[in-house]
Amino acid sequence: MNEVVMAIELKERGTIGCAYYIAREERLCMTADISMAALDTIDTLKIHVQPTVILISTRCEETLEDHLQKDAKGIDRGDANEIFGSYVLDSRPAAEFYYEAAKNKLASLDIEGARGAGMVLATPGDDFTGDRNHDQAELSGAGRQGRLIRLAGWIDLDSRLSIGCAGAVLSYLGRRRSVDYLPNDEAALIAFRIRTIEMSSLTDMMFVNADTLSSLQIIQSESHPNSHMQGPNKSTSGSKESLSVFGLFYHLAGTPQGRQKLRKMFLRPSIDISVIEERLWTIGTFLIPENQPSLQDIRKSLKSVKDIRTVVIHLQKGASGRSVKPTAVKKGVWGSIISFSFHSLKILQALRELAGKKTMIAGKVR
């Protein structure tokens, strides 16, 4: 559920390609090929993506493998490198990174329903007689050329290395699906599926490497000052996240998804002026004295909002917790949906009651 699978390719002249899949969001992202890049760029990508698995080619540059191996799972990384988290480094055959094979895999993905109406590409050589019983798969797929045109509208097909990385990610997801689920298992239909394909860019984010995060203690736990409270491993070390800059704001986030979003904001500082101004504008709106009651209502309701993605996934798998008891609807998956809807409506009402100019958040929540 919380897995992030990332594939990286590095060529001799310093060109880097990258693609990653976020399981929680069912989203496949690719970066444009980065020319004349260094290993610091890879560190920035790791901080940006926070992968749990990194895929590399068996024919990749030795410097890339050595660099990634230093922070791979199973190696004693120490506190200085803990911001990367723990990931598994997996070397895959070079054939999984081939451009043409990856492009065909991407074009054949069935995500048309998430992107609106389909299309049909007709060329002079095609035979369309208007038969309503025409092969639906051919119509929805619009043929190979039509699928490639659709794909080109979402991603940059000239980023050959990144597309090859996307192919490696798709191969990995296919293996995981076949290993983790039995044949004819309905849960396999929604496992590791892809709803969105998009290009990802770091142009509107500040360049922050591991040394910066460590030196400024942006996100870094510190050992307990009492040596007797320090355990033998990270889980029992008695470390305090509150001693970092992120830790000062961590307790202000009322939900797990809010804390995750806050962490991303510290790891990926925005340099987009419009985003910065909107954040300042939102803070100023909430600080208006007349808005304090609404702000308290929002905080109270947020603490009762669960991660609806997890709830929906359980519902799709059929784990609805059905029971013959009359009070069963108040518990389990259905109870979580009712609670989410109730508190979401309360948050919406509180946003509508805010004094001053409406924030972008109020405009998005309708």
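If you count the sequence shown from 1, position 128 lands on 128 in full-length UniProt numbering, and the numbers rise without skipping.
Virtual Cβ for every residue (Gly too), placed ideally from N, Cα, C.
Being a predicted model, the structure only gives us computed values, none of them experimental.
At the C-beta level, Met199 and Trp154 come within 9 angstroms of one another.
Membership of Tyr250 in any beta strand (DSSP E) is not indicated; the residue belongs instead to the alpha helix (DSSP H) covering Val245 to Tyr250. About 5 angstroms separates the beta carbons of Val245 and Ile218, which is inside the 8 angstroms limit, making them a contact pair.
Taking a cut-off of 8 angstroms for Cβ pairs, the region 268-287 and the region 247-259 do not touch, as fewer than three such pairs fall below it. For Tyr99, no beta strand (DSSP E) run applies; the uninterrupted alpha helix (DSSP H) run containing it begins and ends at Tyr99 to Ala107, by DSSP. Leaving aside the five residues that flank Glu290 on each side, the residues in its chain whose CB is nearer than 6 angstroms to its CB run, in chain order, Ala355. With a minimum length of 3 residues, there is no unbroken run of beta strand (DSSP E) contained wholly in the region 257-325. Looking at the backbone, the Cα of Val169 and that of Ser294 are separated by about 44 angstroms. If the five residues before and after Tyr87 are omitted, its C-beta is found closer than 7 angstroms to the C-beta atoms of Pro51, Thr52, Val53, Ile54, Ala72 and Lys73, all from its own chain and listed in chain order. Counting along the chain, the unbroken beta strand (DSSP E) around Asp90 starts and ends at Val88 to Arg92. In the structure shown, the three-state DSSP call for Thr196 is strand.
The continuous alpha helix (DSSP H) containing Tyr172 extends over residues Arg160 to Asp180. Phe286 places its beta carbon 9 angstroms or farther from that of Ala23. As computed with DSSP, Arg27 is found in a beta bridge with Ile22 and Thr196. Nearest Cα to Arg160 within the set Gly258, Lys11 and Phe342: Lys11. Under DSSP, Leu55 forms a beta bridge with Ala7 and Asp90. Gly356 carries a coil assignment under DSSP once its states are collapsed to helix, strand and coil.
Per DSSP, reduced to three states, the secondary structure at Gly335 is helical. By the 16-neighbour rule on beta-carbons within 10 angstroms, Met265 is exposed. DSSP places Ala72 in the strand class (E or B) of the three-state scheme. The beta carbon of Asp204 is closer than 8 angstroms to those of Ser270, Ile271, Asp272 and Val275 in its chain, skipping five residues each way along the sequence.
Looking at Leu182, Lys105, Arg177 and Tyr172, the one whose alpha-carbon comes closest to that of Arg144 is Lys105. Beyond the five residues adjoining it in sequence on each side, Ile111 comes within less than 8 angstroms, by CB distance, of Ile194, Arg195, Thr196 and Ile197 in the same chain, given in chain order. Annotation: the continuous alpha helix (DSSP H) that includes Ala152 extends over Gly143 to Ala152. With a threshold of 16 other beta carbon atoms within 10 Å, Val5 meets it and is buried. According to DSSP, residue pairing for Gly17 in a beta bridge involves Glu9. In this structure, the straight-line span from the alpha carbon of Val305 to that of His67 is close to 40 angstroms.
Put simply, of Glu353, Cys165, Thr282 and Asp158 the residue whose alpha carbon is nearest the alpha carbon of Ala19 is Cys165. Within the same chain, and ignoring the five residues on either side of Arg27 in sequence, the residues whose Cβ sits closer than 6 angstroms to its Cβ are Thr196.
In this structure, the CA atom of Val208 is about 7 angstroms from the CA atom of Thr44. Membership of Ala253 in any alpha helix (DSSP H) is not indicated, and neither H nor E is assigned to it by DSSP. One alpha carbon belongs to Arg279, the other to Pro256, and they sit about 20 angstroms apart. For a cut-off of 8 angstroms, the C-beta gap from Ile56 to Ser91 is around 6 angstroms, short enough to register as a contact.
For the 9 angstroms CB-CB criterion, Arg13 and Ser35 form a contact.
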